[in-house]
Amino acid sequence: MTVSTFKDMIRLVDVASHYASEYSEELSYTASDLESYYNDNKSSFNVASYESLYFKGTADSTTDADGNTVAPTDEENAAAKEKAIADADAALKLYQAGDPLETVSLAYESATYSNTEAGSNSGDEASEWLFDESRADGDSTVITTDSGSRVLVFHSAGRQEYASRDVRHILFMADTTGLDSKSETYEADLQAAKDAAKAKAEDALAQWKSGDATEDSFAALANELSEDGGSNTNGGLYTKVLKGQMVTEFNNWLFDESRKPGDTGIVFNEGRYTGYHVMYFVGDNVPCWQVQVENTLRSRDTEAWQKGLTDSADVVELSGMKHVG
7 MTVSTFKDMI RLVDVASHYA SEYSEELSYT ASDLESYYND NKSSFNVASY ESLYFKGTAD
67 STTDADGNTV APTDEENAAA KEKAIADADA ALKLYQAGDP LETVSLAYES ATYSNTEAGS
127 NSGDEASEWL FDESRADGDS TVITTDSGSR VLVFHSAGRQ EYASRDVRHI LFMADTTGLD
187 SKSETYEADL QAAKDAAKAK AEDALAQWKS GDATEDSFAA LANELSEDGG SNTNGGLYTK
247 VLKGQMVTEF NNWLFDESRK PGDTGIVFNE GRYTGYHVMY FVGDNVPCWQ VQVENTLRSR
307 DTEAWQKGLT DSADVVELSG MKHVG
């Protein structure tokens, strides 16, 4: 393969990718379409709110005098499972007698308590119980598997009705180019890069506030200054954002219960994209479940469209294929 042929192939792949993205974005669905698909596929979108207290039902491995790991015997595992069942049953009785499950958990050092707000339906026995339509707030049970026993307390189940949110941002990344993580000055150099990004973010917000201080002026500034290649040509805009979709700090600011349209702020994120976000809250959008259903339909219909194109294409295998594979 020549370099020019390779370049042509890469260009065609890029064009096809953009074309598919544009096709997907132009698909539209009515409220009736979304409701109908949801009703036919509730298990894919409904989530459950529940508490859990887990008791491990297998024995731990030990280490012999030579430092070798010794697996537990069948008898030890059987005893651990029996104890887990007994502890879970006792904990369930305490909850049913009126103690909050989190309080009950304090009596068991080896138990693991969790409070899940939006657990998905995984199809296992616990999910079958949680997503049973007869379930009512406060219902409780013990589910035992080979690995352990779990006390479950049900609170609610259904589709996620909270509003998705629209937001604009301007990203200033910490420039770590050329930094040597093994250098004695690395930490100081990294902090200096973070400080420089923070200063840029503060200057940008101050510049916006000193001007028209409107959404349009923020969008213009995002196009001019933002280092986010995914949004610096559309005014830094992200629409229909769901909880957990963005990095933690971004998410926490966006979904703060006190957030109002027009709010601004600066948040720091450390990780793959270490830097500072200048934030502008646009407002609420459609409910979460509608976004999830719409995304599913877009993906399904785009894949079907692509398959139709490839199935109808005339493919000719030339002699060069003998060199492939």
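In the working numbering, the protein residues as written are 7 to 331.
Every residue, glycine too, gets a C-beta built ideally from N, C-alpha and C.
Note that the structure is a prediction, hence the values are computed from the model and not measured.
| Item | Value |
| --- | --- |
| Which stretch, first to last residue, makes up the alpha helix (DSSP H) that contains Tyr-101? | 80-102 |
| Would you be able to state if there are at least three C-beta pairs under 8 Å between the stretch 178-186 and the stretch 81-91? | no |
| State the beta-bridge partners of Ala-205 as determined by DSSP. | Paired residue(s): none; Ala-205 is not in a bridge. |
| My guess is that Ser-170 and Val-247 are in contact by the Cβ rule of under 8 Å, so how many angstroms apart are they, rounded? | 6 Å |
| In angstroms, rounded to a whole number, what distance separates the CA positions of Asp-46 and Asp-66? | 44 Å |
| From this set, Glu-193, Leu-227, Phe-160, which residue's C-alpha is nearest Ala-207's C-alpha? | Leu-227 |
| Going along the chain, which residues of its own chain have a beta-carbon closer than 6 Å to the beta-carbon of Lys-204, five neighbours each way excluded? | Tyr-282 |
| If I measure Cβ to Cβ from Ser-50 and keep anything under 6 Å in the same chain, skipping five residues before and after, which residues do I get? | none |
| Anyone know if the C-beta pair for Cys-294 and Gln-213 falls short of 7 Å? | no |
| Can you tell me whether Leu-112 is buried or exposed, with buried defined as 16 or more other CB within 10 angstroms of its CB? | exposed |
| Please determine, among Thr-220, Met-179, Glu-323, the residue with the shortest C-alpha to C-alpha distance to Ala-202. | Met-179 |
| Could you tell me whether the stretch 143-150 touches the stretch 233-247, using the rule of 3 or more Cβ pairs below 8 Å? | no |
| Is Phe-12 buried or exposed, if buried means 16 or more other CB atoms sit within 10 Å of its CB? | exposed |
| Using 8 Å for Cβ pairs, my map puts Ser-120 next to Asn-127. What's the rounded Cβ distance? | Rounded, the Cβ-Cβ distance is 17 Å, inconsistent with contact. |
| Have a look at Ala-37, Asp-181, Arg-174, His-175 and flag the residue whose alpha-carbon is nearest the alpha-carbon of Thr-280. | Asp-181 |
| In terms of residues, what are the limits of the alpha helix (DSSP H) holding Met-15? | 9-32 |
| Quick one: is the Cβ of Glu-115 within less than 6 Å of any heavy atom of the ligand GDP? | With respect to the ligand GDP, the structure offers nothing, as it holds no ligand at all. |
| Where do the ends of the beta strand (DSSP E) carrying Asn-121 lie? | 118-125 |
| Let me make sure I understand the geometry here. Which of Gly-164, Ala-310, Ala-71, Thr-69 has the alpha-carbon closest to that of Leu-33? | Ala-310 |
| What does the Cβ neighbour count give for Met-285, buried or exposed, with the cut at 16 atoms within 10 Å? | buried |
| Taking one C-beta from the stretch 15-28 and one from the stretch 91-109 each time, how about it: are there three or more such pairs within less than 8 Å? | no |
| Reducing DSSP to helix, strand and coil, say where Glu-57 ends up. | strand |
| Which residues in the same chain have their Cβ closer than 6 Å to the Cβ of Asp-195, if we skip the five residues on either side of it in sequence? | Leu-185 |
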